[in-house]
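Structure record follows, encoded as structure tokens.
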Amino acid sequence: MSRLLVFFLIFFTYSCSSFNTEPKYTMRTFDKNDPKILLMPVDISICELTLAGMCEPNASWTQNSKDNIIVSFKEILGERNAVLVEYEKNNENDEIIQLIKLHTQIGQEIINNEYGPFELPTKKEFDWSIGQKVKLLKKKYKSDYAIFIYFRDQYSSTERVLYNIVTAVLFPGIIPIGGSQLAFASLVNLVNGEISWFNGYYRSFGDVRDVEKARETVNKLFEEFPG
Amino acid sequence: MKNFFLIIIIFLTSCSTPIGGAKKIEDIKPEETPSIETIEAGLWMQMNNYEEKLKTSGSRVKDKSLEKYLKNILCTLTPDYCKDIRVYVQDMPYFNAFMAPNGMMVVWTGLLLRAQNEAQVAAVIGHEAGHYIKRHSLKAWLDAKSRTDLMAILAIGLAVGGVPSGGDIFNLTQLLQAGFMAKHSRDNEREADKIGLDLLIKGGYDPKEAPKIWENIIKEMELGEVNKPLAFLASHPAPEERIKNLKKQTQSYENIETKKNEKELKQKTSPHLKKWVKDEMRLKNKVEQTEFVIDLVYGDNKNEYLLKFYKGEIYRLRGDIENNFQKAIDLYKESIKLKDDFADVYKELGLLQLKIEKDKKAKKNLQRYLDLAINPKDKSIIESYLN
């Protein structure tokens, strides 16, 4: 029972805190022509909110959305004459997986500290790094940069939408949570692990399940991307 | 207006899946994977992500041969599902194991520490495999979904119906719901117990070992705080009932073999015992409870010196109250009487003597530690005490 309460609290807190970021960067243009950019595995999970608000993971939506995001990102790179390098799942090792996990952690810290409630009072410059270990990727993929994308999204089921309407009418003031989207992406320099560009947002609209809307979302995420 | 809401509520109720799941869910077949449109595929996806993280997690025990050994037990029990289930060992000092819908099985070190032979571990692995075969995660998810849906609708319905306080409605529906969930989960556990025992017997193991695990857990629990049962039991049937069921089910089999493989298990766990025992002691359970676990581990005659040493450790770690340090020193001395070349005991004895007696014996014991220990990491700090 207390677990359920905690869930409610988390949903509630999430619904209150929303951020829409300005992109952060240490460079505006790539330091060489036609840079090679390695696309790391997109960390994505999409779920459907049940009537009561449980987040039911949806594999099919997740797969479609992932494909859509990758297609849209390739277009962005194409406009900038950057060369996309594909990540090889079969060729991965523990150290690379650890790097991906580290990036997710640091991405969340950046959101908290740069945009969110835990802004660091003395940290003025954007100088985040995921460490020297990225050289592994540079060596293995002969790339200049790596791009990491993190994406979480929820959509309300029909039952949930109806339930929201009924609740809102019956109990003015209580608005149950609808779907929401949390995303961030970072461009990591594979020479030294520095995060050269970062952007993220949290909002309650947007859809990446169809390719047109996904393009819009990805363009928003990659605002002021170097090139 | 009220009628309008009533209609909507009825509509909402009709959308949600019926409680308990009206459709019968078939057992999962060997090498079956859910098709991508299904709810099950979503659960698999989520657990695949989790498994990916667990693989490189610091909490995973870095002993491939131990995991392989457990996997072999699984394959002996159920060759059909051998390919579908992966076994991981996680460093957690509690008695637990769990099964994810995608075939990720996790065994905690606290369980391996308590198991007395391979047959007991096999009983647990068989039980977890039962969860997988019966798709219990999917069933539990569907069940939780329909119950929370119903709760949400009920809350609106009661409010519209004119029941006065919102808080009470919340409590009522939550209570109903918690009760239903626990019952459902206990039913799943019973089913898994049944499959587990069947696999255990077919695998040639001694089925009498299955209830023994629960007998030990009951004993351990009774030694502990009355109001602090092991977390594992909250969603599981009462151990007494499980013991009864397991014994009854065993009677229905003929030609039961008695493979226990005590040595095999001990050989695999022995490199880790020192750490696992330390972790257990850090939990600071009641002395009797920890002693019971240590007894399970080192209770055989061969290892009595370790039993004495660790019992001494239990007292030392509790600090100098109720004469604990003296009790610890006495136990260390008994340990030395049984075996006089075990390094660790001289160190702890020496350090305690230094602390409370400051006598010459302390230095002598610390020196003895340095003589016996092989490349001790704390060599320089111990030497500093000697001068």
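Those sequence lines, one after another, are chains Z and S. Here my numbering runs 234 ahead of the position in the first sequence, where the first position is 1. Take the second sequence: its position 290, counted from the start at 1, is 278 in my numbering, and no numbers get skipped. Even glycine gets a Cβ: it sits at the ideal position worked out from N, Cα and C.
Contacts around residue i, its chain only, beta-carbon distance under 7 Å, and the 5 residues preceding and following it disregarded
| i | result |
| --- | --- |
| residue 64/S | 191 |
| residue 442/Z | 299, 302, 303, 387, 448 and 451 |
| residue 350/S | 338, 341 and 342 |
| residue 373/S | 342 and 354 |
| residue 152/S | Because residue 152/S sits at a pLDDT of 48, beneath the cut-off of 50, its placement in the model cannot be relied upon, and the point is left open. |
| residue 271/S | 81 |
| residue 231/S | 199, 202 and 203 |
| residue 276/S | 211 |
| residue 362/S | none |
| residue 54/S | 77 and 256 |
| residue 274/Z | 321, 334, 380, 381 and 382 |
| residue 22/S | 28, 29 and 32 |
| residue 243/Z | In this prediction, residue 243/Z scores a pLDDT of 47, lower than 50, which makes its location untrustworthy; no coordinate-derived value is stated. |
Neighbourhood of residue i by C-beta distance below 8 Å, restricted to the same chain and skipping five residues each side
| i | result |
| --- | --- |
| residue 10/S | Any answer about residue 10/S is weak, because its pLDDT of 49 lies below 50 and its placement is not dependable; what the coordinates show is given next. Counting only Cβ-Cβ distances below 8 Å, and skipping sequence neighbours, we find nothing. |
| residue 286/S | 292, 294, 295 and 298 |
| residue 17/S | none |
| residue 19/S | 71 and 72 |
| residue 431/Z | 257, 258, 259, 260, 261, 420, 421, 458, 459 and 460 |
| residue 215/S | Residue placement at residue 215/S is flagged as unreliable, the pLDDT there being 49, under the threshold of 50; a coordinate-derived value is accordingly withheld. |
| residue 375/S | none |
| residue 352/Z | 346 |
Residue j beta carbon less than 8 Å from that of residue i
| i | j | result |
| --- | --- | --- |
| residue 357/S | residue 334/S | yes |
| residue 179/S | residue 235/S | no |
| residue 283/Z | residue 388/Z | yes |
| residue 271/Z | residue 381/Z | yes |
| residue 340/S | residue 313/S | yes |
| residue 345/Z | residue 434/Z | yes |
| residue 253/S | residue 66/S | no |
| residue 212/S | residue 290/Z | no |
| residue 376/S | residue 396/Z | This structure does not reach residue 376/S, given that chain S is present from -11 up to 375, and the question cannot be answered. |
| residue 238/S | residue 185/S | yes |
| residue 379/Z | residue 336/Z | no |
| residue 69/S | residue 117/S | yes |
| residue 174/S | residue 225/S | yes |
| residue 128/S | residue 176/S | yes |
| residue 112/S | residue 99/S | yes |
| residue 347/Z | residue 357/Z | yes |
| residue 336/S | residue 304/S | yes |
| residue 384/Z | residue 440/Z | no |
| residue 360/S | residue 329/S | yes |
| residue 327/Z | residue 268/Z | no |
| residue 208/S | residue 265/S | no |
| residue 288/S | residue 248/S | no |
| residue 233/S | residue 318/S | no |
Own chain partners of residue i with C-beta closer than 6 Å, once the 5 adjacent residues on each side are dropped
| i | result |
| --- | --- |
| residue 444/Z | none |
| residue 79/S | 47, 49 and 97 |
| residue 108/S | 197 and 201 |
| residue 345/S | none |
| residue 310/Z | 456 |
| residue 375/Z | 272 and 319 |
| residue 39/S | 92 |
| residue 372/Z | 424 |
Mind listing, in chain order, the continuous beta strand (DSSP E) runs of no fewer than 3 residues lying wholly within the segment 250 to 280 of chain Z? 270 to 273
Which full runs of the beta strand (DSSP E) of 3+ residues lie inside the segment 339 to 405 of chain Z, going along the chain? 379 to 390
Along the segment 135 to 148 of chain S, what residues have a CB closer than 8 Å to any CB found in chain Z? 136, 137, 139, 140, 141, 144, 147 and 148
If contact is defined by three or more beta carbon pairs under 8 Å, each pair taking one atom from either stretch, is the segment 319 to 333 of chain Z in contact with the segment 296 to 308 of chain Z? no
Say whether the segment 103 to 119 of chain S touches the segment 130 to 140 of chain S, bearing in mind that this needs 3 or more beta-carbon pairs closer than 8 Å, one atom from each stretch. no
Can you find at least 3 beta carbon pairs, one from the segment 366 to 382 of chain Z and one from the segment 394 to 405 of chain Z, that sit closer than 8 Å? no
Are there three or more Cβ pairs, one per stretch, closer than 8 Å when the segment 79 to 89 of chain S is compared with the segment 19 to 38 of chain S? yes
If contact is defined by three or more beta carbon pairs under 8 Å, each pair taking one atom from either stretch, is the segment 236 to 248 of chain S in contact with the segment 316 to 330 of chain S? no
Selection of the segment 287 to 317 of chain Z by Cβ proximity to chain S, strictly under 8 Å: 287, 288, 290, 291, 292, 293, 294, 296 and 297
Can you give, in chain order, each stretch of the alpha helix (DSSP H) that sits fully within the segment 45 to 129 of chain S and has at least 4 residues? 52 to 65, 97 to 102 and 106 to 121
Using a Cβ-Cβ cutoff of 9 Å, what residues of the segment 385 to 414 of chain Z are near chain S? List them in chain order. 391, 392, 393, 396, 397, 399, 400, 401, 403, 404, 405 and 410
Mind listing which residues of the segment 321 to 343 of chain Z have their C-beta closer than 8 Å to chain S's C-betas, in chain order? 328, 331, 332 and 335
Residues from the segment 67 to 78 of chain S in contact with chain Z, defined by Cβ distance under 7 Å: none
Within the segment 243 to 279 of chain S, ranges of the beta strand (DSSP E) (whole runs, at least 3 residues): none
The segment 33 to 47 of chain S: positions lying closer than 8 Å to chain Z by Cβ: 33, 34, 37, 40, 41, 43 and 44
Residues, ordered as in the chain, of the segment 16 to 31 of chain S that lie near chain Z by beta-carbon distance below 7 Å: 24, 25, 27, 29, 30 and 31
Relative to chain S, which residues along the segment 352 to 372 of chain Z have a C-beta separation below 8 Å, given in chain order? none
Entirely enclosed alpha helix (DSSP H) segments - the segment 169 to 220 of chain S, minimum 4 residues: 197 to 211
Which residues, taken in chain order from the segment 117 to 133 of chain S, show a beta carbon closer than 9 Å to some beta carbon of chain Z? 129, 132 and 133
Ordered list of beta strand (DSSP E) runs contained in the segment 297 to 338 of chain S, each at least 3 residues: none
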